[in-house]
Amino acid sequence: TAWTIPANQALNLNPALEYALVDTERGLLILAASLVEKCMVRYGLTGTVLATVLGEKLGGLNFRHPLSRVDAGYDRLSPIYLADYATADDGTGLVHSSPAYGLDDFNSCVAHGLTTDDILNPVQGNGSYAADFPLFGGQNIWKAVPNILEALKNAGRLLATETITHSYPHCWRHKTPVIYRAAAQWFVRMDEGEGVFTKDKAPKTLRQMALEAIEHTGFYPENGQARLRDMIANRPDWCISRQRSWGVPVPFFLHKDSGELHPRTMEILDQAADIVQQGGIEAWSRVTAEEILGAADAPHYTKSSDILEVWFDSGSTFWHVLRGTHSNAHGSLGHHDEGPEADLYLEGHDQHRGWFHSSLLLANAIYGRAPYRGLLTHGFTVDSQGRKMSKSLGNGIEPQQVSQKLGAEIIRLWVAASDYSGDIAGDDKILARVVDGYRRIRNTLRFLLANISDFDVAADSVGPDELLEVDRYALARASAMQDQILAHFQVYEFHPVVAKLQVYCSEDLGAFYLDVLKDRLYTTAPKSLARRSAQTALWHITQAMLRWMAPFMSFTAEEAWGVFAPGLGSIFKQTYWPLATPDAALLAKWAAIREVREAVNKAIEDVRTSGGVGSSLQATVTVTAPPETHALLAGLGDDLKFVFITSQVTLVTGEALAITVTPSTAPKCERCWHYRDDVGHDPAHPTICGRCTSNLFGEGEARAVA
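Start counting the sequence shown at 780; every next residue gets the next number (the working numbering).
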């Protein structure tokens, strides 16, 4: 970067490196000792090392600018500073320092006492040297490079030139190289309680207030707190000005000699706001200094052309939204002296450095606290291999196409089923799995609605004390499930809810409770206590389940709600269904029963696979169980066979659990499909059993448990 050499003001050496004084045909050179041989080859010189010394001994020496022999404008003494970023990886071990054009150079020079007023900054905003700059005034910096090299050659200070390829900043829009250039900017101070607009020194610094606010903010996921805390703790002062053509103007007028703000700046800010409100941002750009300051002051002041950085814009949204369009969202928002407060800000995890960050600083600067109670961060969509979705890779998912093919419900469910704290993977296979999960939940819902279609809760509901035990267990299980779901919702965790709801539908309901219930729903008398008890439980489960799924299966929940509770408006105006506190003892009892049932099902399946039985109802099961388990199962009485979905169960006391399955020798009832010895006991109904006869024509069977 030869264009920076005219603005050189220092050299940096590493205090821990060894440097050599080398005698060459071009004079004495100071080089890193480990680089002497390499430099001699590069420069085409021969040299003799006269002495070596650690870099720390060279700090404080001065040198003359290499162009001092060509133009008196460069005849200045500059210091040698010590800096760790000078290395012996390549080059000479010495780093030329132009503090106006490199952050490391700037920090090093300022740390050694150079003031910002002393920093040479001849490159103007148009990329050219100032017109009065010695030798290269008015020249574009890139076009001036050959002239700079020629001037160094004429001064006898050019040892060699070469073209190298290295990483260099480029404009993200135009793809052209850009340069670092020191410029006067406006900053928000992080560690001082006063500034140009401060009347009284603040008791706490902005950094202190922001860090305290973070401790009172909820983070979802929790690791976001440490991330934002570290950024606030380690950030420099906030540079809020930019030199661009379009944006929110910084309506300042600066004195041409002192650089001080106009004494009426606070009034001018209000004037500027009125002008922009009436004519838009471009109206301010047309306003002259004389129109604002008057003929007497205008010649002495320069109108700033700076704009506010965009994060200042976005960070101030709480002021406009929560005091404007959403000022009555909830009661606390009305207390503007304390500052508006949102329940939640949510955005991608990159916004810890952006919107979350600037919002926190601005709100603390104004109110002394955060503008939000909680921050939620999410990842971004990637394909199944973790690659960012892009048109060039052809791995993107078009929401419109998915919506047309699978329905918008699937898109929402896909997002809800994904752990948004990381990146969210999506492709056709993943969406197909989401569809399978959706169908499982929807089919469960259809079963519930179908089996309570003739149920009038006002006339048919069974009280808690009359419910069969397995129905009470099902409600206790639903209540425990609801407690878990609401706990997840409270901290904005959706994917565990989707996963648990799918397991609940497939295992708690489909594989157990609804499976056990079918016999009672289909074979007992329509208005019997046994059937109404089952329907009462199903009715409460449906009430709860529709509310659980509403946030992520919104269309399905609303559709089902219209069938389940016609005339009661939208489900989204409902609150969560009140379920009794889960009975821990009952849950533990039935968890143990279900474990035995799983063992029975496995034993029956083994026999069925070998052709011994056609279905579980054809099986006669003998369960040998330890005393405690035997007593647990015996307590279910004759209803145990309904829990196991077999025609007959015999219990035997033994040391360990063992299950024997044999095919029933009894005839099959064509109505309930149970194998019973009393099939055909009534000549009028030769194909059905005594249980069905009673349920159809008599008092009906009595059920106590299942």
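Glycine is no exception: its CB is placed at the ideal position from the N, C-alpha and C atoms.
Distance, residue j Cα to residue i Cα
i       : j       : result
ILE1372 : LEU1415 : 10 Å
ARG1236 : TRP1369 : The sequence as given places Val at residue 1236; Arg does not occur at that position. One C-alpha to the other measures close to 27 Å.
LYS1352 : TRP1340 : 11 Å
ARG843  : GLN964  : 31 Å
ALA830  : LEU814  : 14 Å
ILE1019 : ASP979  : 22 Å
ILE1424 : ALA1238 : 30 Å
SER1357 : ASP1262 : Here residue 1357 turns out to be Pro, not Ser, going by the sequence shown. Roughly 11 Å separates the two Cα atoms.
THR871  : THR894  : 28 Å
GLU1374 : ASP1461 : 38 Å
SER1182 : TYR1355 : 29 Å
ILE1145 : ALA989  : 11 Å
VAL1213 : GLU1188 : 10 Å
ARG968  : GLY974  : 7 Å
ASP1418 : ALA1481 : 10 Å
ALA1012 : LYS1279 : 39 Å
GLY1205 : TRP1025 : 38 Å
ARG1387 : LEU1293 : 22 Å
Which of helix, strand or coil DSSP assigns to residue i
i       : result
THR1408 : helix
TYR1151 : strand
GLY872  : coil
GLY1113 : For GLY1113, the pLDDT reaches just 44, beneath the cut-off of 50, and the residue's location in the model is therefore unreliable, leaving the point undetermined.
ASN791  : strand
ARG1191 : helix
TRP951  : coil
THR1439 : strand
TRP1017 : strand
ASN841  : strand
PRO1119 : coil
ALA1382 : helix
SER1171 : coil
GLU1371 : Looking at the sequence itself, residue 1371 is Ala, so the reference to Glu does not match. Helix, per DSSP.
ASN933  : helix
PHE1351 : helix
ASN900  : coil
GLY1094 : helix
LYS978  : coil
LEU1139 : helix
THR1156 : strand
PRO1035 : In the sequence as presented, Pro is not what sits at residue 1035; that position holds Lys. Reduced to three states, the DSSP call for LYS1035 is coil.
THR944  : coil
Residue i, buried or exposed, once every other Cβ within 10 Å from all chains shown has been counted against 16
i       : result
ARG1470 : buried
VAL1431 : exposed
GLY1113 : In this predicted model, GLY1113 has a pLDDT of only 44, less than 50, meaning its place in the structure is not dependable; the value taken from the coordinates is given anyway. So GLY1113 ends up on the exposed side.
TRP1090 : buried
TYR1301 : exposed
PHE1159 : exposed
LYS983  : exposed
CYS774  : No answer is possible for residue 774: the residues shown for the chain start at 780 and end at 1485.
TRP921  : exposed
TRP1063 : buried
ALA1410 : exposed
THR1156 : buried
LEU1123 : exposed
GLN1427 : buried
ILE809  : buried
LEU807  : exposed
MET1260 : buried
HIS1128 : buried
ALA862  : buried
Where the beta strand (DSSP E) containing residue i begins and where it ends
i       : result
THR1044 : Element bounds for THR1044: not the beta strand (DSSP E) but the alpha helix (DSSP H), 1044-1058.
ILE809  : 806-811
SER857  : 856-861
PHE1334 : Premise fails: PHE1334 lies in the alpha helix (DSSP H), 1333-1343, not in any beta strand (DSSP E).
GLN1427 : 1427-1432
PHE998  : 997-999
LEU1125 : 1124-1127
Extent of the continuous alpha helix (DSSP H) to which residue i belongs
i       : result
ILE993  : 985-994
ASP802  : From DSSP, ASP802 is part of no alpha helix (DSSP H) but of the beta strand (DSSP E) over 797-803.
SER1258 : 1248-1269
ALA830  : Counting along the chain, ALA830 falls outside any alpha helix (DSSP H), though it belongs to the beta strand (DSSP E) covering 826-833.
TYR1217 : 1207-1230
Residues that residue i bridges to, as DSSP identifies them
i       : result
ILE1086 : ARG1021, PRO1028
SER1307 : Its beta-bridge partners do not exist; DSSP assigns none.
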